[in-house]
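Going by full-length UniProt numbering, the sequence shown opens with residue 1, and the numbers climb by one from there. All C-beta atoms in this analysis are idealised placements derived from N, C-alpha and C, irrespective of residue type, glycine included. Report on the following structure.
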Amino acid sequence: MEGRDYYEVRTEPKLVNLKSGEACEFEIFITPLCSCIIQEKIVCVGLDIKKGIEMNEHVTINAKTQMTTRLDYHELKEEKKLGEGSFGIVYLGEFRGNKVAIKKMREGCETEAKVREFEKEVSMLDKFRCEYLVHFYGAVFIPNKVCMVTEFAQYGSLRDLIKHEKDKSPKNRVKVKFMLDMAKGISYLHNNGIVHRDIKPDNLLVFSMDSDEKVNAKMTDFGSARNTNMLMTNMTFTKGIGTPKYMSPEVLNKEKYKMPSDIFSFAITMYECFKWKDPYPKSDFKYAWSIADFVATGKHLPQIEGIEDVTYNLLGKCGALMETFE
């Protein structure tokens, strides 16, 4: 007996030879490989050697494991494709009655290094729980089925909102709430010794446009294993990959990445949120390295219409935390 890819089955003894009038006890052991619901019929086969008659008896198994973050992919229902990223493809789906985002690793990309990075991110997502971080349901680790499952944000990311609602900028109180929620998420990570390293509008998911809601936006994608050397090595300045738009001066200057770097990235995200446009317009910054040079030399973005004095002063304070900014 081998069971399935989400549980294993074995019996003790596997085989027994009984004489006429004899009986025996046997045990069935089921080992779940993830959180799952098991509904199976196990067939016990008996053979009368003298008469050559085979007899089958069915043992019905109904079991449900405790909930963990190791999920059974049979319980995931994909509904439609939402987008693609470097990791793979993201789908809208359903898991046990909940609308979820299913982030699937690309087939053929399951290298040892990729799987190790995936496991590290899952471990971190599982460890940290906060209402200002996107809820993590769990992950599937079965080869060719590798994916992670998080709660679904109906409005997408802040980047999506800015891109698709260019002429429908929300009221400032809603923007303030977005940024307050993001700040609380960053604070939680920093208090737990985690540096996000990739704070930007793409990584803030929007769940509500009602500023009276307790939580309007949640941070995501904070578990990826990164270090400054890798970040700099992979910087290409092309097609938005490795763009320095949200990078702090010390990262661009190849200095040590610290928590204040997250604060700088948060300040640029806040600037973009209140401006509701690209913080570095192409008319002024034709090339990505123009942004890198602007930031690395400690220059400041100007105060513009829509950004009040109190907000701009706060942006300055975020920048002032940088050791190389002033």
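Apply the 10 Å Cβ neighbour rule to residue i and answer buried if 16 or more other Cβ atoms are within range, or exposed otherwise.
i: Arg129; result: exposed
i: Asn203; result: buried
i: Ala267; result: buried
i: residue 328; result: Residue 328 lies beyond the residue range present for the chain, which begins at 1 and ends at 326; the question has no answer from this structure.
i: Asn229; result: At Asn229, the pLDDT of 38 sits below 50, so the modelled position is not reliable; the number obtained from the coordinates is stated separately. Classification of Asn229: exposed, given that the 10 Å Cβ count is below 16.
i: His196; result: buried
i: Glu84; result: exposed
i: Lys317; result: exposed
i: Ala63; result: exposed
i: Asp181; result: buried
i: Ile241; result: Only weak support exists for where Ile241 lies, its pLDDT of 37 falling under 50; the value from the coordinates is given anyway. By the neighbour-count rule (16 or more Cβ atoms within 10 Å), Ile241 is not buried but exposed.
i: Tyr271; result: buried
i: Ala113; result: exposed
i: Pro244; result: buried
i: Glu27; result: exposed
i: Ser265; result: buried
i: Met249; result: In the sequence as displayed, the identity of residue 249 is Pro instead of Met. Looking at its Cβ environment, which holds 16 or more other Cβ atoms inside 10 Å, Pro249 is buried.
i: residue 332; result: In the structure displayed, the chain extends from 1 to 326; residue 332 sits before or after that span and is not available.
i: Gly93; result: buried
i: Pro201; result: buried
i: Thr269; result: buried
i: Ala292; result: buried
i: Lys299; result: exposed
i: Ile263; result: buried
i: Ala288; result: buried
i: Thr311; result: buried
i: Gly21; result: exposed
Let me check understanding here. Comparing Cα to Cα, which of the options lies closest to residue i?
i: Thr69; options: Asp160, Asp212, Met124; result: Met124
i: Cys147; options: His196, Leu71, Glu165; result: Leu71
i: Gly278; options: Ile263, Pro260, Gly298, Tyr246; result: Correcting the residue identity first, residue 278 is Asp in this sequence and not Gly. It is Tyr246 whose Cα lies nearest to the Cα of Asp278.
i: Gly319; options: Glu308, Asp309, Ile304, Val295; result: Val295
i: Ser261; options: Ile199, Met270, Val43, Ile304; result: Ile199
i: Val206; options: Ile194, Met179, Tyr137; result: Met179
i: Pro302; options: Tyr287, Ile263, Met209, Pro281; result: Pro281
i: His135; options: Val122, Pro143, Asn144; result: Val122
i: Trp276; options: Ala139, Lys256, Arg159; result: Arg159
i: Glu305; options: Lys81, Pro143, Thr269, Asn172; result: Asn172
i: Glu40; options: His58, Ile53, Asn216; result: His58
i: Lys166; options: Phe141, Phe274, Ile102; result: Phe274
i: Ile89; options: Arg96, Ile30, Val43, Val149; result: Val149
i: Thr111; options: Tyr137, Pro143, Ala101, Tyr132; result: Pro143
i: Ile42; options: Lys177, Met55, Val9; result: Val9
i: Thr31; options: Glu25, Tyr7, Glu54; result: Tyr7
i: Ser208; options: Ala183, Leu161, Lys254; result: Leu161
i: Ala101; options: Ala139, Lys286, Asp126; result: Ala139
i: Glu12; options: Phe29, Leu18, Lys19; result: Phe29
i: Glu308; options: Glu255, Cys24, Val176; result: Val176
i: Thr60; options: Cys44, Val310, Thr311; result: Cys44
i: Asp5; options: Phe141, Asp212, Ser169, Ile53; result: Phe141
i: Ser290; options: His164, Gly97, Leu252, Asp212; result: Leu252
i: Leu314; options: Tyr137, Glu54, Ala183; result: Ala183
i: Glu151; options: Lys145, Lys127, Pro170, Arg96; result: Arg96
i: Val174; options: Thr65, Asp212, Asp126; result: Asp212
My guess is that residue i and residue j are in contact by the Cβ rule of under 8 Å, so how many angstroms apart are they, rounded?
i: Gly185; j: Lys218; result: 7 Å
i: Met259; j: His190; result: 5 Å
i: Tyr91; j: Lys81; result: 6 Å
i: Lys99; j: Phe87; result: Incorrect: roughly 20 Å between the Cβ atoms, too far for contact.
i: Tyr188; j: Tyr257; result: Not really, about 19 Å apart at Cβ, beyond 8 Å.
i: Cys24; j: Leu15; result: About 11 Å; that fails the 8 Å criterion.
So within the region 107-195, which uninterrupted beta strand (DSSP E) runs reach at least 3 residues, ignoring any that extend past its ends? 136-140, 147-151
Kindly confirm or deny that the region 110-118 and the region 75-84 touch, where touching means at least three C-beta pairs closer than 8 Å. no
Within the chosen definition, does the region 56-70 reach the region 29-47 through at least 3 CB pairs nearer than 8 Å? yes
Going residue by residue through the region 260-303, where are the continuous alpha helix (DSSP H) segments of at least 4 residues, counting only ones entirely within it? 288-296
Count the CB pairs spanning the region 148-161 and the region 41-59 that are closer than 8 Å, and state whether there are at least three. no
Complete runs of the beta strand (DSSP E) confined to the region 31-116 [at least 3 residues]: 37-48, 53-64, 76-84, 88-95, 98-105
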